[in-house]
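Visitor: Just dropping this structure here.
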Amino acid sequence: ATHVLMAGVPLDVDCEDVANQLRSIPNVLGIHDLHVWALSGTKRNMWAHLTVRHGADSTAVLRDAQAIAQSVGCEHTCFQIEDADTYDMTGCETCSLGIPRA
């Protein structure tokens with residue numbers, strides 16, 4: 001109960017593995033601000049910012065990202081797609097990937 005109350009990462013989810021899977025999506029150049037948390041014992045959410053190659057099919061990227069989220073039990077997702085040509089990725093490598101477990 002405390003783990004859910006603290007919006008902790010589900011114990012069976014490896015955020016680094018999820019990040020690597022998201023990075024492997026075609027045309028994804030970077031990922032930052034990844035968050036995975038449990039709302040209850042069975043309800044999970046995920047959000048992340050995905051920086052994509054200019055001109056990439058954002059619908060395909062979103063579909064693949066949602067499939068990855070579903071594979072770790074996340075029912076509700078929010079992915080922000082950012083065009084690499086217009087988004088400044090400075091410092092993104094330090095964003096919220098190492099979320100502590102509650």
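Numbering (full-length UniProt numbering), first residue to last: 1 to 102.
For each residue, glycine too, the CB sits at the ideal point set by N, CA and C.
Note that the structure is a prediction, hence the values are computed from the model and not measured.
Give me, in chain order, the residues of the same chain whose beta-carbon lies closer than 7 Å to that of His76; leave out the 5 immediate sequence neighbours on both sides.
Guide: Excluding positions up to five away in sequence, the list reads Asn45.
Visitor: Within 10 angstroms of its Cβ, does Thr2 collect 16 or more other Cβ (buried), or is it exposed?
Guide: At Thr2, the pLDDT of 46 sits below 50, so the modelled position is not reliable; the number obtained from the coordinates is stated separately. Thr2 should be labelled exposed.
Visitor: Just curious, the alpha helix (DSSP H) that Arg44 is in, first and last residue?
Guide: Counting along the chain, Arg44 falls outside any alpha helix (DSSP H), though it belongs to the beta strand (DSSP E) covering 44-52.
Visitor: Exposed or buried, which one is His54 when buried takes at least 16 other CB atoms within 10 Å?
Guide: Result: exposed.
Visitor: Within 10 angstroms of the Cβ of Leu11, are there 16 or more other Cβ atoms? Answer buried if so, exposed if not.
Guide: It counts as exposed.
Visitor: So, helix, strand or coil for Ala38, using DSSP?
Guide: The answer is strand: DSSP assigns Ala38 an E or B state.
Visitor: On the three-state DSSP scale, how would you describe Ile68?
Guide: Here Ile68 sits in helix by DSSP.
Visitor: Please report the distance separating the alpha-carbon of Gly73 from that of Thr86.
Guide: Each residue's alpha carbon lies about 32 Å from the other.
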